[in-house]
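Numbering (the numbering used here), first residue to last: 1 to 161.
Just below is one structure, and these are the notes that go with it.
What follows is the structure in structure tokens.
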């Protein structure tokens, strides 16, 4: 028997002011786009804003539905938009922010499991690793250099061959 350990490193910024200009702009847009989220049930608005490899930008917000769990996360909305408008083009960097109308929005949160799997498959499909910026409306910012780091022991298309 052998015990294995999975670790990954990420960068922690104390605030958006520490980010390089381009990444700060993406995060500002992610924070702003939370206004367009449709979250009347959870009051937890999420916005995602990304720069693609071709230089274009796309956004996405969470969209809830009374027929829970029929809603869709901001991250998957963004990936659907990106792949519809720019087929085969990778995401260079995605910034994800949230506005919790029931409480604080002052620390980074991580994408759900479905979004983590979707990021992995998007990276595989476009052959481009995705840098992820995570933050609330204020506070610290996490930078994760490869979305695959969020999903240890990943299951992918290669496992079905």
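For every residue, glycine included, the Cβ atom is placed at its ideal position computed from N, Cα and C.
Since this is a predicted model, take the numbers as computed values, not measurements.
- Around the beta carbon of residue 105, 16 or more other beta carbons sit within 10 angstroms, so the residue counts as buried.
- In terms of Cβ geometry, residue 34 and residue 47 form a close pair [threshold 7 Å].
- Bounds of the alpha helix (DSSP H) holding residue 84 are 74-85.
- Of the residues 59, 129, 14, the one whose Cα lies closest to the Cα of residue 150 is 129.
- Residue 125 holds the alpha-carbon nearest to the alpha-carbon of residue 82 among 12, 32, 10, 125.
- Residue 108 and residue 136 have their C-alpha atoms some 5 Å from each other.
- When the alpha-carbon of residue 36 is set against those of 160, 133, 145, 99, the nearest one is in 99.
- In this model, residue 84 and residue 102 are separated by some 33 Å (Cα to Cα).
- Residue state for residue 47 is assigned as strand, using DSSP reduced to three classes.
- Per the Cβ contact rule, the segment 85-95 is not in contact with the segment 61-74 (fewer than 3 Cβ pairs under 8 Å).
- Check the Cα spacing between residue 146 and each of 5, 114, 10, 25: the tightest is with 10.
- In this structure, DSSP gives residue 13 an extended state, which the three-state scheme calls strand.
- Per DSSP, the unbroken alpha helix (DSSP H) holding residue 122 starts and ends at 113-126.
- In this chain, residue 109 is not harboured by any beta strand (DSSP E), its DSSP state being neither H nor E.
- Remark: C-beta atoms of residue 15 and residue 76 do not approach each other more closely than 7 Å.
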